[in-house]
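S.K.: Mind looking over this structure? Questions follow.
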Amino acid sequence: MTSSARVALITGCGKPIGIGNSTARTLAAAGVTVVVSDVVSTGVANEHNIAGDLDSSWGGVDSLVEELIKSGRTASSALGDVSVEADAGRMVEEVLGRYGRLDILVNNAGAPQGADRNEIEDVPVEAWDKTMGVNARGAFLMSRAAVPAMRQARWGRIVSVSSKAAFRGPGGIARPMPRQRRRS
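This is the structure we're talking about:
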């Protein structure tokens, strides 16, 4: 079924609050058909979350889709791991199969916080690999999968999201060093 509305695929939408969830709501309110995705329906909790931090009644992307449809919007979901090439391609193909187009990709998925939030000498290589796999490789794979359809349509937008930590990270994680003043 080909949609006449723009169609957006937004990754990292499984949690009840957050950038992905808010982006989906905003685009849907503007008349964009949205496909919300995550690696599992309810997203992946950060390692430091405790039971009370999470809303046990939240049904993840299915709850978001249901809410959007009840408000008169067009929405669906797709599950997959953005860091896995086959999943990235399959999610894009699902969108194209459902709606006949993909106009907007929002790379919002981010690795859950955990062991990567230590001093560098204490970060396990596995935590580094997971973070880079989702945050960097995932955005690359999703973009690579989406671009051919956008090129064929001669229109498309890709938005890659970062947190404010990109500008000023907390202590204990990698961040840029302050500029050194030149001495005359």
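Adding 860 to a residue's 1-based position in the sequence shown gives its number in my numbering. All C-beta atoms, glycine included, are put in the ideal place defined by N, C-alpha and C.
(1) Pull up the distance between the alpha-carbon of valine 899 and that of alanine 971, whole angstroms please.
(2) Roughly how many angstroms lie between the CA atoms of cysteine 873 and aspartate 963, to the nearest whole one?
(3) How many angstroms separate the CA atom of arginine 933 from the CA atom of glutamate 979?
(4) Quick one: any contact between the stretch 912-928 and the stretch 946-954, if contact means 3 or more CB pairs under 8 Å?
(5) At the level of alpha carbons, what is the spacing between leucine 939 and glycine 878?
(6) Given a cut-off of 8 Å on the beta-carbon distance, is the pair alanine 865 and valine 892 in contact?
(7) Is the closest heavy atom of the ligand GTP to the C-beta of alanine 996 under 7 Å?
(8) Here's the rule: buried if 16 or more other CB atoms are within 10 angstroms of the residue's CB, otherwise exposed. What is glycine 880?
(9) What's the call for arginine 1004, buried or exposed, on a 16-neighbour Cβ count within 10 Å?
(10) Quick check: what's the CA-CA separation for aspartate 922 versus proline 876?
(11) Do you know offhand how far valine 942's Cα is from alanine 969's?
M.R.: Taking the coordinates as given:
(1) 10 Å
(2) Looking at the two C-alpha atoms, the distance is approximately 18 Å.
(3) Distance between the alpha carbons of arginine 933 and glutamate 979: 45 Å.
(4) no
(5) 18 Å
(6) yes
(7) What this structure holds is no ligand at all, so the ligand GTP is not there to describe.
(8) buried
(9) Arginine 1004 comes out exposed.
(10) 11 Å
(11) 8 Å
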